[in-house]
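Sequence lines, in order, name chains A and B.
If you use the working numbering, the first sequence corresponds to residues 129 to 419, in order.
If you use the working numbering, the second sequence corresponds to residues 57 to 749, in order.
Note that the Cβ used here is the ideal one computed from N, Cα and C, for glycine as well.
If you're wondering where the values come from, they're calculated on a predicted model, not measured in any experiment.
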Amino acid sequence: MSAATTVTPVAFEAVPSKRRRWLRRYGLASAGAVIILSWIMVAVLAPVLTWHAPDLVDVTQRLRPPSPSHWLGTDALGRDVFARLLYGSRISLSTGIIVVVLAAAFGTLVGGVAAYARGKIEELIMRITDLVLCFPPIILALAIAAALGIGAVNTIIAMLVVWWPKFARLARSLIIVQRSQEYVEAAVVVGLSPGRILIRHILPNSIGPLIVLVTLDVGNAIITFAGLSFLGLGVVPPTPEWGSMVSEGRELIEQWWVAAFPGLAILTIVVGFNFLGDGIRDWLDPKSRRR
Amino acid sequence: MQETTQVNQPAANSIAKPILEVSDLRTQFFTDAGVVRAVDGVSFTVAAGETLGIVGESGSGKTVAALSLIRLLEDPARIVSGEIRFLGRDVVNMSQEELREIRGDGIAMVFQDPMTSLNPVLKIARQLAEAMLVHGRLDEQQALERSITLLGRMGITAPERAIESYPHQFSGGMRQRVMLAMGFANEPSLLIADEPTTALDVTIQAQILDLIAELNRDFNTAIVLISHDLGVIASVCARVVVMYAGEVVEEGPTEAILSNPRHPYTWALINAVPRIDRHVPGQRRLVTIEGTPPDPIAHPPGCRFAARCPFRIDKCTEHPELLELAPGAKARCWVTQSGNPLPSTRAPVPAQAKAGMDHGAGTKLERGERMLQLRGVVKHFPLPKRGFFGKREMVHAVDGVDLDVAQGETVGLVGESGCGKSTLARVVARIHQPTAGEVVFHGQDIANAAQSRIRPLRRRMQMVFQDPYASLNPRMTVADILGEPLRLHKITSSEVETQKHIGELLDVVGLSPKAAVRYPHEFSGGQRQRISIARALSVRPDFIIADEPISALDVNIQAQIINLLIDLQERFGLTYLFIAHDLAVVRHISDRVVVLYLGRVAEVAPADKLFAEPLHPYTRYLISAVPIPDAAMEKMRKRLPLQGEPPSALDPPSGCRFRTRCPIAKSICAEVVPPMIEHRPGHFSACHFPGQF
């Protein structure tokens with residue numbers, strides 16, 4: 129132990145503190161989580177947070193700038209932008225999450241069948257996914273939504289049609305990787321049936337990257353839904369929705385608040401989901417986890 | 057003899073001018089859990105042209121020490137103190153620029169994994185020439201010419217064509233040659249090779265080790281060879297440093313250390329390895345040391361090996377210094393420093409007889425009765441077609457194998473990688489369906505049976521896999537992993553019984569019952585392999601296929617697992633099909649050995665017969681390629697270097713498959729497939745000229 133006293137000090141960089149390393153690793157992810165949680169709170173507590181009704185038309189109060197009575201101003205019909213923003217979060221959040229979760233569930237099922245069946249069935253399924261993936265998603269969704277008619281449910285269906293293939297592709301490749309792992313072979317030797325192996329062994333080990341894609345994709349889905357609403361599909365007026373709010377304000381250059389605040393809302397929630405998704409990806413990746 | 061004289065000279069000169077001096081090096085990892093003291097006060101020197109081996113188990117700090125030498129450390133690792141001098145220059149405080157100059161030019165490094173250390177998208181020529189161009193002594197044309205010369209020197213045939221290839225077109229051994237060529241491109245004065253042959257087959261390993269020794273002689277480049285395998289070290293290095301828990305525990309000339317180790321850890325390392333040249337019939341258990349290395353975050357204050365040391369004395373609670381015991385030989389041990397020798401070997405512990413479980417299920421076979429019979433087993437894997445009109449190519453993984461396994465015996469299956477041994481195991485376990493042939497297990501042909509029909513037989517046949525990290529589902533607790541087969545086969549009738557059974561299984565494989573609630577990642581490699589064995593035992597099988605169960609483990613853990621397998625065999629009358637590429641281990645554990653070459657059986661014989669009098673030239677080569685951890689033996693032994701690599705299994709050679717590498721091949725070998733002939737009782741060989749090589 130005498131060796132410790134003879135150590136010659138050499139100039140080295142300071143070692144970052146524990147707290148700074150935690151921040152570097154989980155800082156953005158927690159910021160994302162905080163943003164998303166706040167928006168969820170807002171969606172739930174909308175009636176408490178504002179005394180205005182979101183669809184109350186008051187032509188005497190049209191296009192008022194932000195003021196103590198209307199925090200974020202009013203739109204062309206005199207409706208309170210702040211109230212519409214709060215209530216609008218309900219539609220944006222729920223459509224985004226519904227679309228991605230349903231698409232992920234369906235896509236994983238299809239991808240799992242393809243990975244497990246191999247051969248002709250796999251070929252057929254994967255060519256169908258390719259077929260859907262060839263179209264620009266928003267155009268295809270637009271066409272389908274237009275054919276089905278305006279309405280939140282129809283728009284969700286249209287988005288589902290274009291949304292599932294990426295999950296199918298990812299799930300298939302993940303399952304193929306797990307299939308050749310030794311613990312799956314061990315399960316075969318023990319005598320488990322293919323179905324049980326898929327549910328008990330393969331799926332729990334493939335779910336990580338799927339969760340990452342789901343999280344990253346909710347932001348994407350919210351943007352797409354807002355985009356469709358902006359183009360006049362999506363929700364039926366006067367339901368408040370961020371995309372249609374931006375759309376209503378697009379010609380009102382002087383009255384910037386009508387479009388700017390819903391735009392900002394979309395921005396924050398998408399950034400929030402991206403941060404969280406990145407964080408989960410890093411956390412699941414054993415290489416970056418060790419750092 | 058030449059080597060010894062060469063060693064003595066630099067040893068004498070080294071006082072004057074070593075090229076690398078490391079003193080009191082400390083490298084630490086700053087992790088969330090605390091400061092990991094990976095390298096904790098290591099000192100050694102390397103003289104010009106010297107060969108130094110660094111040996112130790114995984115986690116001993118040998119690789120981190122090597123990376124510290126050229127400062128290839130990444131966050132959160134840092135050199136916190138100590139001195140590294142290369143040709144008199146201080147490496148620790150060097151600027152990045154100076155470092156780049158030294159890396160490659162003065163010190164070259166070859167890593168373990170030849171698959172990932174070459175850039176897959178660049179041609180070999182580019183990568184080799186780049187190594188020379190960055191140091192600015194050659195122009196492009198010269199560099200290219202030199203690349204070709206170097207590759208030729210490294211034993212690559214047709215180097216002009218080879219440099220136009222991409223890394224994926226090369227095998228592991230060839231890539232390691234390219235790495236060596238890159239290392240030697242600038243004629244460095246020091247080459248650091250970190251486990252350069254661990255990922256390679258024995259025959260290829262022998263080639264690479266010979267090459268390294270030759271390069272050391274011809275270029276007078278000093279070599280630092282890092283390995284966990286004392287045999288590898290003994291075949292190249294003149295001096296050895298043994299590392300344990302971040303410290304050097306022993307240092308000295310290879311011969312002296314191997315014949316007379318002065319540290320109990322070195323002693324344990326030497327005795328844990330089964331020796332191919334020194335097999336004692338009847339002595340089946342190997343010497344092992346219990347326990348695990350200390351936690352590198354909180355090293356014990358005394359001797360770090362004391363907790364596991366069989367020769368521990370009272371004084372071991374104090375930390376020993378590394379003292380010179382004989383000229384050039386140092387050890388960090390109170391026992392040997394006080395003059396006591398370590399015994400040559402320890403008497404192995406006999407098996408502890410515990411009450412066994414009832415493993416006889418129904419039709420019990422007597423010892424020696426035939427349990428498994430393979431006839432003409434063929435397994436071909438189709439490759440994806442090349443283009444729409446391309447011919448579908450077939451990998452001939454297993455190509456007509458006959459094999460019998462009798463109740464109670466251990467059959468060893470050996471061969472180079474790609475010879476089909478793992479495929480054969482998976483055909484027997486019916487993970488794969490054979491393309492043709494019969495697999496008769498307990499009188500039932502399971503070659504083409506549906507999985508539902510095989511299920512009852514699964515209770516009698518189980519498998520232990522190679523990779524202890526991949527063979528356990530990371531999301532299941534140990535209790536779930538062991539309970540699943542119990543519930544599936546309704547071996548236990550109630551949940552209470554299942555839990556009781558899981559406890560018994562853990563006890564049988566030497567794990568604490570507390571292990572049941574933990575997940576696989578909380579265990580070390582050896583412990584995971586024990587869990588894997590417990591899972592195989594859970595259904596009370598009488599036949600276990602072990603597919604390289606110890607090749608991913610440290611030598612001491614290998615010995616523990618081998619002992620466990622032998623114990624279990626004696627307790628439960630198990631039959632093993634034991635697959636390995638390590639011939640010493642196969643010889644140690646097996647009753648009979650089957651040598652496989654490119655999908656066909658080359659030779660079958662009782663283990664002792666096979667190693668004493670091999671009949672097939674391939675078997676002779678395999679045996680001679682195994683390094684022996686005994687410098688004197690290494691010198692006396694005539695090495696038979698098997699040239700070249702196994703041919704592709706896509707288009708195997710006609711006639712005898714080995715003829716392309718066989719030194720005694722005649723024209724008949726290309727025309728007629730040699731039949732399997734019984735030359736002596738139980739000794740079969742498929743060669744036209746058996747025993748003539």
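To which residues of the same chain is residue i closer than 8 Å at the C-beta, ignoring the five residues directly before and after it?
i	result
P176 of chain B	Y222, P223 and H224
Is it right to say residue i is buried, meaning 16 or more other beta carbons lie within 10 angstroms of its own, or is it exposed?
i	result
G90 of chain B	exposed
L439 of chain B	exposed
M210 of chain B	buried
P252 of chain B	buried
Q748 of chain B	exposed
C359 of chain B	buried
T373 of chain B	exposed
V374 of chain A	buried
K447 of chain B	exposed
G144 of chain B	exposed
E307 of chain B	buried
F85 of chain B	buried
D161 of chain B	buried
By how many angstroms is the C-alpha of residue j removed from the C-alpha of residue i?
i	j	result
M235 of chain B	A121 of chain B	21 Å
V162 of chain A	R212 of chain A	22 Å
V329 of chain B	I645 of chain B	12 Å
I587 of chain B	V595 of chain B	14 Å
L567 of chain B	L155 of chain B	48 Å
K435 of chain B	Q583 of chain B	33 Å
G348 of chain B	D96 of chain B	First, the residue type needs correcting, since residue 348 of chain B is Thr and not Gly in the sequence shown. Rounded to the nearest angstrom, the two C-alpha atoms are 18 Å apart.
I135 of chain B	V147 of chain B	11 Å
A315 of chain A	A526 of chain B	12 Å
P309 of chain B	Q625 of chain B	40 Å
H415 of chain B	L542 of chain B	Only weak support is given to the placement of H415 of chain B: the predicted model assigns it a pLDDT of 40, under 50, and the value that follows is read from those uncertain coordinates. C-alpha separation (whole angstroms): 14 Å.
G474 of chain B	E604 of chain B	14 Å
Y244 of chain A	V238 of chain A	10 Å
I313 of chain B	Y154 of chain A	50 Å
I225 of chain A	R531 of chain B	27 Å
L652 of chain B	M299 of chain B	37 Å
Q500 of chain B	P512 of chain B	11 Å
H355 of chain B	A133 of chain B	18 Å
CB-CB under 6 Å to residue i, same chain, minus the five flanking residues each way: which ones, in chain order?
i	result
V386 of chain A	D203, G377 and L380
E380 of chain B	K386
G432 of chain B	G456 and G493
R368 of chain B	A362
C712 of chain B	C725 and P730
G201 of chain A	R192, P193, P194, V209 and W385
Kindly give me the distance between the Cβ atoms of residue i and residue j, rounded to whole angstroms, as I take these residues to be in contact under 8 Å.
i	j	result
F714 of chain B	A658 of chain B	7 Å
A273 of chain A	V290 of chain A	The pair is not a contact, with the Cβ atoms about 10 Å apart (cut-off 8 Å).
V520 of chain B	A602 of chain B	5 Å
F82 of chain B	S137 of chain B	For clarity, residue 82 of chain B is Arg in the given sequence; the question names Phe instead. Correct: roughly 5 Å between the Cβ atoms.
R514 of chain B	I502 of chain B	That belief does not hold up - the Cβ atoms of R514 of chain B and I502 of chain B are roughly 10 Å apart, past 8 Å.
H284 of chain B	G117 of chain B	Going by Cβ atoms, the distance from H284 of chain B to G117 of chain B rounds to 13 Å, so no, they are not a contact pair.
F401 of chain A	I219 of chain A	Going by Cβ atoms, the distance from F401 of chain A to I219 of chain A rounds to 16 Å, so no, they are not a contact pair.
Output, in chain order, the set of chain E residues within a Cβ distance shorter than 8 Å of residue i.
i	result
L544 of chain B	No chain E appears in this structure, whose protein chains are A and B.
Note down, in chain order, each residue of its chain lying with its Cβ closer than 7 Å to the Cβ of residue i, except the 5 sequence neighbours on either side.
i	result
I537 of chain B	L528, N529, I587 and R591
H452 of chain B	H436, G655, A705 and P708
T236 of chain A	F295, A299 and L338
E216 of chain B	I204
A608 of chain B	Q522, D523, P524 and G581
D195 of chain B	none
Secondary structure, beta strand (DSSP E): runs of 3+ residues fully inside the segment 349-395 of chain B: 379-382 and 385-387
Minimum length 4: unbroken alpha helix (DSSP H) runs contained in the segment 567-600 of chain B: 581-594
4 or more residues per run - each alpha helix (DSSP H) lying fully within the segment 252-322 of chain A: 265-276, 280-307 and 310-318
Continuous alpha helix (DSSP H) assignments of at least 4 residues falling wholly in the segment 521-574 of chain B: 534-544 and 551-564
In chain order, each alpha helix (DSSP H) run of at least 4 residues that lies wholly inside the segment 134-161 of chain B: 152-158
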